[in-house]
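Single-structure report; data block below.
Numbering (the working numbering), first residue to last: 1352 to 1517.
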């Protein structure tokens, strides 16, 4: 595997530590307690064999992990991610991107609020127009009523004139 730095090294180191804790060696006392019917020589041999198996298993797991990482090119991917993160950290405008998003959100909210305000004003204006139309209609009705009264008065006057001549 190519010498990778940064995040991959941390990943590799963490994996080795985790594998080591999982595959902890067993003490001689643990072997003696687990196999009391065996002779001391057999238990010693069993303990050495167990340690050898654990070390081999650990080596194999670490090797498989590295092969898998090589196969999927994890070191290259993590290097690119590290580089991208570093570029973003150094990029002055990247910190402004959040501000631009905030401005965009704020502007959008203000526009929505203004639209709501204008809708409210439009409703009030429509209500006012409806009230004026109702008044005008009422005035027209009164005017029509006055015209009817005048007309009725003239007729009454004409009828009175006719009756007074007779």
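Glycine included, each C-beta is placed from N, C-alpha and C at the ideal position.
Here the structure is a predicted model, which means the values were calculated and not measured.
Buried versus exposed call for residue i [16 or more other C-beta atoms within 10 Å across all chains shown]
{"i": "residue 1436", "result": "exposed"}
{"i": "residue 1487", "result": "exposed"}
{"i": "residue 1513", "result": "exposed"}
Contact check, residue i vs residue j, beta carbons under 8 Å
{"i": "residue 1398", "j": "residue 1410", "result": "no"}
{"i": "residue 1374", "j": "residue 1400", "result": "no"}
{"i": "residue 1402", "j": "residue 1376", "result": "yes"}
Helix, strand or coil at residue i [DSSP, three-state]
{"i": "residue 1424", "result": "coil"}
{"i": "residue 1386", "result": "coil"}
{"i": "residue 1375", "result": "coil"}
{"i": "residue 1357", "result": "coil"}
Should the segment 1355-1369 be called in touch with the segment 1381-1400, which here means at least 3 C-beta pairs below 8 Å? no
Pairing CB atoms from the segment 1401-1417 with CB atoms from the segment 1383-1392, are three or more of them under 8 Å? no
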